[in-house]
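In the numbering used here, the protein residues as written are 106 to 300.
First the structure, in the form of C-alpha cells, and then the observations on it.
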C-alpha cells in the first residue's frame, strides 16, 4: 500500500494559498470561477494549482469538504449545549447564513455544478447524521414539531435559500429563515414561547 509523502513547507504554503483564494472566489461567485483566476488571486502559476488540484472540481470539493467539516464540528458543539431548542435554531441560523453567504456551499447542498466525490459524501453523511440527532433532541424538548425529519428540514431550508437568492432581498436577509423556523416550531403556544 502506497502512502502519500507529506508536502514540503513551500508546497504546503502554496496549497493553503490556493485553498484560501479558491474559498473566497467560490464563496462569492460559485464554481464558475476559472482556475487561472484562482491561481492569480493565490499569487501562484496555473501549473502550481494543477499540481495540487488536477481539476476545478477537485479544488471545489476540497473547499466544500473544509466547509462541511467546520459545520460538522459546529453541529457537534450544538449537540452538547444545554438548551436543545436554542442550540438547534442557532445551528440552523449558522448553516443557512453560511449557505446564503457562500455560493459554493449552496451549490454543493444543491448538488449543482460538480460531481461530489467520496470525501464530500462522507463528510456530508456525518453532518446529516449529527444534524438528525440535533433535530431529534430539539423535538424531544418540544421546541420543534415532531412530524418533520432531517430530510424535510434540509429540503425546506434549501428551498428557502433558493427563493432568497432569486429575490435578492438584501434589506431583510433573515426573513425567509425566520419564516422557516416558525414553520418548524410546534403549534403549542407554550413551546413557541421557548425561543
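Beta carbons are placed, not taken as given, at the ideal position from N, Cα and C, and that holds for glycine.
- Measure from the alpha carbon of residue 202 to the alpha carbon of each residue in 115, 165, 287 and 283, then state which is nearest. Of 115, 165, 287 and 283, the residue nearest in Cα terms is 283.
- Message: Pairs of beta-carbons, one from the stretch 174-185 and one from the stretch 139-159, closer than 8 Å: are there three or more?
- Response: Touching, no, given that fewer than three Cβ pairs across the two stretches are closer than 8 Å.
- Could you have a look at residue 254 and say whether DSSP puts it in helix, strand or coil? DSSP places residue 254 outside both helix and strand once states are collapsed to three, so it counts as coil.
- Message: Am I right that residue 232 and residue 176 are in contact with their C-beta atoms under 8 Å? What's the rounded C-beta distance?
- Response: Separation of the CB atoms of residue 232 and residue 176 is rounded to 6 Å, and the pair is thereby assigned contact status at 8 Å.
- Can you tell which of 113, 137 and 145 has its C-alpha closest to the C-alpha of residue 125? The shortest Cα separation from residue 125 among 113, 137 and 145 belongs to 145.
- Message: Using CA atoms only, rank isn't needed, just tell me which of 238, 133 and 148 is closest to residue 121.
- Response: Comparing Cα positions, the closest option is 148.
- Task: Mark residue 166 as exposed unless 16 or more other C-beta atoms lie within 10 angstroms of its C-beta, in which case mark it buried.
- Result: Buried: at least 16 other Cβ atoms inside 10 Å.
- Task: Return the residue from the list 142, 162, 139 and 113 that minimises the CA-CA distance to residue 225.
- Result: Taking only the C-alpha atoms, the option nearest residue 225 is 162.
- Item | Three-state class that DSSP yields for residue 52 in the structure shown | As displayed, the chain neither begins before 106 nor continues past 300, which places residue 52 out of reach and without an answer.
- Message: According to DSSP, is residue 186 part of a helix, a strand, or is it coil?
- Response: In the three-state reduction of the DSSP assignment, residue 186 falls in the coil class.
- Task: For residue 176, decide whether its Cβ has a neighbour in chain B, counting only Cβ atoms nearer than 9 Å.
- Result: The structure shown has no chain B; it contains just one protein chain.
- Within 9 Å, strictly: CB atoms of residue 173 and residue 239: Between residue 173 and residue 239, the C-beta gap is not smaller than 9 Å, which leaves the two residues out of contact.
- Rounded distance between the beta-carbons of residue 268 and residue 189, thought under 8 Å: Contact between residue 189 and residue 268 fails: their C-beta atoms lie close to 28 Å from each other, not under 8 Å.
- Could you please give the first and the last residue of the uninterrupted alpha helix (DSSP H) stretch that includes residue 225? From DSSP, the alpha helix (DSSP H) with residue 225 extends over 223-245.
- Element boundaries [alpha helix (DSSP H), containing residue 248]: Neither: residue 248 is in no alpha helix (DSSP H) and is coded neither H nor E.
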